[in-house]
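Just so you know, we're using the numbering used here here: the sequence shown kicks off at 756 and counts up by one.
Glycine residues also receive a C-beta, built at the ideal position from the N, C-alpha and C atoms.
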Amino acid sequence: MLVGAAATLSVVWLWHTPPGLLGKADAIAYAVCHRIESHSFHLGSRQLPLCARCTGTFLGAILGVAAMFARRRSRAGRLPPVPVLVALGLFVVAMGIDGVNSYLTLLPGLPHLYEPQNWLRLVTGMFEGVALGLLVWPIFNQTMWRAFDDRPGVANLRELGFIAVAAVVLIGLVLTDNAWVLYPLALLSAGGVLMMLTLLDTIILLIITRHENRAASWKAAALPLLAGATLALAQVAVIDAGRFAVFGTWGGLVFPR
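Right, here's the structure in full:
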């Protein structure tokens, strides 16, 4: 039944969303991002699916999770130590400050600290996304596995520094403005949206149904992950339908000047 529901929902969503891979990525982004054109990078003349900040956020989240797999800590269930948590908290605070400052510029007459820049949105979003990935993945492991690895995914600031270097490389790739680079990164960032929603929804479903800490293998985890992915796509579809009903366009929000 779950497989049937997932397949049906996928077909309906694919049928009613814009054509092409980037069109589907636009539809995923449409559920979580304002998609304001001036706040976004472009692939030639085409706006990327997510704004600059959200592009960074969801690429950063993928990077955070990938880093734990790369270090063979894919089932690490402990949160990082306090120094790393403080650094991750600062990443989120920096994004919050830049986000509020950017929002103030959308409303005429309000004072703001500095003129927002897309590169700065990308940077603060990227490091916030890294923080999200490094925090959500251990919670997922604590909830999913019968016996999770009782180690932190990131053990110290040195390890976090390596991830930060990789984040800077990703930022540089986005800023190259090269179509061959931006196209796969655009699709990857949209995939990051589904990844994060799937992880969060799977955690919630396991807790609500009291099926946490039962999986011993990825095969056993497949069914709850499919349930989480189906719920994630359903959330995207509902928000897409509601937003499109109000605005009648897949484009971004427009603020009066």
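Original post:
Looking only at its own chain, which residues have a Cβ that is under 8 angstroms from the Cβ of alanine 975, when we skip the five neighbours before and after it?
Top reply: For alanine 975, the CB contacts under 8 angstroms within the same chain, skipping 5 residues up- and downstream, are Arg969 in chain order.
**OP:** Kindly indicate which three-state DSSP category glycine 799 falls into: helix, strand or coil?
**Re:** Here DSSP, grouped into helix, strand and coil, assigns glycine 799 to coil.
Original post:
Which first and last residues belong to the alpha helix (DSSP H) in which proline 893 is found?
Top reply: Unbroken alpha helix (DSSP H) run through proline 893: 873-899.
**OP:** For glycine 832, name the three-state secondary structure that DSSP assigns.
**Re:** Glycine 832 falls in the strand class under three-state DSSP.
Original post:
How big is the Cα-Cα spacing for valine 923 and aspartate 956?
Top reply: Answer to the nearest angstrom: the Cα atoms are 29 angstroms apart.
**OP:** Take every Cβ of the segment 863-872, pair it with every Cβ of the segment 896-905, and state whether three or more of those distances are shorter than 8 angstroms.
**Re:** With a cut-off of 8 angstroms, the segment 896-905 and the segment 863-872 do not count as touching, because too few Cβ pairs lie within range.
**OP:** Give me the Cα-Cα distance between leucine 1008 and methionine 950, rounded to the nearest whole angstrom.
**Re:** Looking at the two C-alpha atoms, the distance is approximately 24 angstroms.
Original post:
If you check the beta carbons only, do arginine 808 and glycine 880 fall under 8 angstroms apart?
Top reply: Yes, Cβ-Cβ distance for arginine 808 and glycine 880 is below 8 angstroms.
Original post:
How would you write the range of the beta strand (DSSP E) that aspartate 728 sits in, first residue to last?
Top reply: Outside the shown range of the chain, which is 756 to 1012, sits residue 728, and nothing can be said about it.
Original post:
Terminal residues of the continuous beta strand (DSSP E) containing arginine 906?
Top reply: First-last of the beta strand (DSSP E) with arginine 906: 904-907.
Subject >> Given 8 angstroms, three or more beta-carbon pairs between the segment 901-909 and the segment 828-841 >> reply: A contact exists between the segment 901-909 and the segment 828-841.
Original post:
Between which two residues does the alpha helix (DSSP H) harbouring alanine 996 extend?
Top reply: Its alpha helix (DSSP H) spans residues 973-1002.
Original post:
Exposed or buried, which one is phenylalanine 1002 when buried takes at least 16 other CB atoms within 10 Å?
Top reply: Flag for phenylalanine 1002 reads exposed.
Original post:
What separation, rounded to the nearest whole angstrom, lies between the Cα atoms of phenylalanine 846 and alanine 886?
Top reply: Spanning the two alpha carbons is a distance of roughly 7 angstroms.
Original post:
Between alanine 982 and leucine 757, which are expected to be in contact by the criterion C-beta below 8 angstroms, what is the C-beta distance as a whole number of angstroms?
Top reply: At roughly 6 angstroms, the Cβ-Cβ gap stays under 8 angstroms, so alanine 982 and leucine 757 are in contact.
Original post:
In the DSSP assignment, what are the bridge partners of alanine 970?
Top reply: Partner residues in the beta bridge of alanine 970, as assigned by DSSP, are Trp900.
Subject >> Per-residue DSSP class, three states only, for valine 767 >> reply: Valine 767: helix per DSSP, three-state reduction.
**OP:** Give me the Cα-Cα distance between glycine 947 and leucine 861, rounded to the nearest whole angstrom.
**Re:** Cα to Cα, glycine 947 sits roughly 27 angstroms from leucine 861.
**OP:** Between the Cα of glycine 851 and those of Leu875, Leu978 and Gly888, spot the shortest distance and give me the residue it belongs to.
**Re:** For the residues Leu875, Leu978 and Gly888, the minimum Cα distance to glycine 851 belongs to Leu875.
Original post:
Sorted by chain position, which residues of the same chain lie with C-beta nearer than 6 angstroms to glutamine 802's C-beta, five sequence neighbours on each side aside?
Top reply: In chain order, Glu792 and Ser795 place their CB closer than 6 angstroms to the CB of glutamine 802, counting only its own chain and leaving out the 5 sequence neighbours on each side.
**OP:** Mark asparagine 911 as exposed unless 16 or more other C-beta atoms lie within 10 angstroms of its C-beta, in which case mark it buried.
**Re:** Asparagine 911 sits exposed, since fewer than 16 C-beta atoms from the chains shown fall within 10 Å of its C-beta.
Original post:
For leucine 978 versus tryptophan 768, is the C-beta distance shorter than 8 angstroms?
Top reply: Not a contact, by the Cβ cut-off of 8 angstroms.
Original post:
Which value, in whole angstroms, describes the spacing of the CA atoms of glycine 819 and glutamate 883?
Top reply: The straight-line gap from Cα to Cα measures roughly 10 angstroms.
**OP:** Quick one: give me the first and last residue of the alpha helix (DSSP H) that leucine 840 is part of.
**Re:** Per DSSP, leucine 840 belongs to the alpha helix (DSSP H) from 837-859.
Original post:
Within 10 angstroms of its Cβ, does isoleucine 725 collect 16 or more other Cβ (buried), or is it exposed?
Top reply: Past the edges of the chain, shown from 756 to 1012, lies residue 725, and the structure says nothing about it.
Subject >> Beta-carbon contacts of leucine 937 that lie in its chain and below 6 angstroms, excluding the five residues immediately before and after >> reply: Excluding residues within five positions, the ones whose Cβ falls inside 6 angstroms are Leu798.
**OP:** Output the boundary residues of the alpha helix (DSSP H) element that contains isoleucine 783.
**Re:** Residues 776-785.
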